[in-house]
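For the sequence shown, the residue numbers in numbering that gives the first Met the number 0 are 0 to 553. Just so it is clear, CB atoms sit at the ideal spot from N, CA and C, and this is done for glycine as well. Notes follow the structure.
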Amino acid sequence: MPNSLEQIIACIKQNKSFILEAGAGSGKTWTLIESLKYILTESSTELEKQNRQVVCITYTNVAKNQIEERINYSSLVLVLTIHDFLWRVIKNYQKELKLLILDYNEKKAKNPISGLDKMLEKAFIEYTAYGRDFTQGRISHEEIIEFSSGLFKTYPKISKIVGDKFPYIFIDEFQDTDERTVSLLIEFLLKNNKSKLTLGFFGDAMQKIYGQGIGRIKSSELSVITKKENFRSSSKVVSLLNNIRSDLVQQNVNSGTAGEISYFNCNNCLSDSNNYDKVLEELRVKHGWDFDNTKILFLTHKVIADYLGYEALLAAYTDNFPSFGRERLFNQEDAFSDFLINKVERLFYFYNTKMYTEFTNLLGKEGFILQNKSYKDQIRILMETLETLRKNGTIKEVIDYVIENKLLIKSERMKDFEQDINELELDEKTLRDKIFYEALMPLKYQQIITFNQFIEEKTPFSTKHGTKGAEFDNVLVVIDDSAWNQYNFDAVFSQNKKNASIYNRSLNLLYVCCSRAKNNLALLSLSQVSALSFTTLSKWFGKENVYDVCLLEN
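Shown next, in the form of structure tokens:
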């Protein structure tokens with residue numbers, strides 16, 4: 000039987016759309032890239048002559064950069080997020096977009112805007128990641144998919160124009176793609192362009208761990224191709240994965256070590272706060288784990304924040320911006336996280352690591368006035384004081400210090416933000432911003448330092464968000480059913496499917512986390528597991544690999 004890449008190439012030759020179901024460690028990204036390379040090898044001249052391009056839709060910037068690099072940054076391939084791609088193809092239809100906005104305002108908006116038609120007459124519709132404002136013609140993430148679907152549905156000619164321009168559209172990590180997007184691609188773009196468009200979906204339904212993703216795709220329009228090899232993990236880890244998952248049994252093709260899998264049970268010592276540390280010591284001393292090559296997976300950012308000590312910083316963002324606060328902080332999308340992480344911490348890092356050219360360039364950019372021969376002494380004193388403030392002061396004290404001493408200047412975004420929240424009359428948005436500001440400023444700056452170490456991967460910790468697609472020699476997965484309500488791993492181990500959504504979410508997350516391990520894997524449960532679950536775990540890991548934490552040596 001032809002391998003998965005050969006089957007994909009056959010689909011491309013026959014102009015047949017397809018879906019590749021590829022288990023963890025199977026080389027999905029390699030297959031995607033080789034598929035793109037095949038199109039470039041066979042069709043570059045034709046694509047250039049007809050001014051057409053291939054589109055590859057990705058879920059993360061990491062994947063985007065990886066794909067672009069491995070196809071040598073070919074101008075014939077557009078690697079974009081789904082929102083960027085859709086905006087690219089609809090942004091020129093300004094008249095039609097305005098009609099859709101007016102229709103949405105009339106029929107779907109919670110608080111319809113009176114006189115919006117007049118406001119939009121001279122406006123240019125623009126896309127921004129966050130902060131929809133119809134009165135200014137700004138639409139956000141949420142509306143992009145809805146308005147794209149509306150355009151393709153109402154104006155079939157638009158989808159045909161898209162099909163003419165982009166004969167191949169590949170979607171990476173299809174399981175994380177919004178269901179509306181999948182419907183848009185198949186029901187409108189594909190069905191209006193059957194003779195000239197090939198859709199390719201690459202991913203694995205079992206690796207759906209984000210709430211908004213479609214998971215499994217079922218469509219008679221797509222040929223299903225399955226990739227069963229596992230090139231990443233040791234034989235024992237693959238065996239465990241096959242126990243967790245029965246719908247796609249993988250074949251181990253890793254010629255390396257057999258690996259080791261272990262399960263640590265805390266049922267008899269749940270009250271012992273040292274359980275986690277005892278397991279770390281056991282893995283290091285008795286199992287020979289090198290923690291320089293180990294990833295410790297907690298399953299929520301909150302758990303990591305609590306453990307590392309930046310829980311109040313995370314809460315300031317997530318409490319005040321529930322739908323996108325975490326993203327604002329982790330991507331430094333707001334004025335303050337951008338200033339603190341990308342300016343203050345960079346400035347200190349450059350000085351502390353003796354990268355003086357970069358340090359003085361940053362100072363120069365920010366307007367620091369050089370002072371004659373005493374320059375070095377002044378800088379040394381300023382930076383020593385900054386170091387003390389970073390360790391002992393608040394976020395506000397650090398910001399005030401670097402600005403007052405002209406080490407950095409306040410960004411225009413920060414100025415605008417502070418001006419808005421100091422107005423006499425505040426609307427709902429600025430009131431929320433003011434509450435956020437008042438929660439952020441008194442926090443210990445040490446939380447910024449700790450958070451920055453985490454996002455710079457200077458700690459061994461991560462979550463499922465930070466490791467999807469990544470691989471590590473050793474992986475310790477820490478689960479605690481008492482720490483969350485969206486997962487229940489005891490239900491997975493005991494096959495309790497009473498709450499199907501929680502069961503499937505937990506099963507998928509367990510699979511994704513365990514599949515990160517190349518050689519050795521350990522699972523530590525800090526919460527109670529049932530007798531039935533314990534039986535399952537003993538079968539999966541082998542009784543000889545199940546450890547009672549209370550019996551471990553201190």
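- Residue 358 holds the alpha-carbon nearest to the alpha-carbon of residue 342 among 329, 353, 358, 352.
- Ranking 479, 508, 194, 361 by CA distance to the CA of residue 407 puts 361 first.
- Along the length of the region 299-371, whole alpha helix (DSSP H) runs at least 4 residues long occupy 300-307, 310-319, 324-329, 334-338, 344-351, 355-364, reported in chain order.
- Taking all protein chains in view, the Cβ of residue 355 is surrounded by fewer than 16 other Cβ atoms within 10 Å, so the residue is classified as exposed.
- Look at residue 232 here: in three-state DSSP terms it is coil, with no helix or strand label.
- Contact between the region 291-307 and the region 476-487 is present: 3 or more CB-CB pairs across the two stretches fall below 8 Å.
- Remark: three or more beta-carbon pairs, one from each stretch, lie closer than 8 Å, so the region 15-30 and the region 219-234 are flagged as touching.
- Judged by DSSP in its simplified three-state form, residue 552 adopts coil rather than helix or strand.
- Distance between residue 545 and residue 23, taken at the CA atoms: about 24 Å.
- Just measuring C-alpha positions, the residue of 27, 70, 258 sitting nearest residue 519 is 258.
- When the five nearest sequence neighbours on each side are left out, the beta carbons in the same chain lying within less than 8 Å of the beta carbon of residue 148 are those of 179, 182, 183, 187, in order along the chain.
- In this structure, residue 446 lies near residue 308, with their beta-carbon atoms less than 8 Å apart.
- Cα atoms of residue 10 and residue 44: separation of roughly 20 Å, rounded to the nearest angstrom.
- When the five nearest sequence neighbours on each side are left out, the beta carbons in the same chain lying within less than 8 Å of the beta carbon of residue 144 are those of 81, 82, 85, 177, 179, 180, 183, in order along the chain.
- Taking residue 350 as the centre and dropping the five residues before and after it, the same chain places the C-beta of 358, 382 closer than 6 Å to its C-beta, in chain order.
- Taking a C-beta distance under 8 Å as the contact criterion, residue 47 and residue 75 qualify as a contact pair.
- Straight across, the Cα-Cα distance linking residue 253 with residue 232 is about 6 Å.
- DSSP places residue 156 within a helical segment (H, G or I) once states are collapsed to three.
- With a beta-carbon spacing of about 16 Å, residue 413 and residue 315 fall beyond the 8 Å limit used to define contacts.
- Per the C-alpha coordinates, the member of 197, 389, 173, 348 positioned closest to residue 59 is 173.
- For the options 234, 213, 322, 276, the alpha carbon positioned closest to that of residue 552 is the one of 276.
- Residue 167 places its beta carbon less than 8 Å from that of residue 38.
- Bounds of the beta strand (DSSP E) holding residue 170 are 167-171.
- Rounded to the nearest angstrom, the Cβ distance from residue 451 to residue 340 is 6 Å, consistent with a contact under 8 Å.
- Counting only the Cα atoms, residue 226 lies some 54 Å from residue 113.
- Counting along the chain, residue 28 sits inside the alpha helix (DSSP H) bounded by residues 27-48.
- Comparing alpha-carbon positions, the option among 322, 185, 203 lying closest to residue 140 turns out to be 322.
- In the structure shown, residue 433 adopts helical secondary structure according to DSSP, grouped into three states.
- Per DSSP, the unbroken beta strand (DSSP E) holding residue 520 starts and ends at 516-524.
- With 16 or more other Cβ atoms inside 10 Å of its own Cβ, residue 327 counts as buried.
- Between residue 202 and residue 21, the CB-CB gap stays under 8 Å.
- Here residue 531 is exposed: its Cβ has fewer than 16 other Cβ atoms, across all protein chains shown, within 10 Å.
- For residue 499, the enclosing alpha helix (DSSP H) covers residues 499-513.
- Bridge partners of residue 294 according to DSSP: 474.
- Residue 189 and residue 197 have their C-alpha atoms spaced approximately 8 Å apart.
- In the three-state reduction of the DSSP assignment, residue 149 falls in the helix class.
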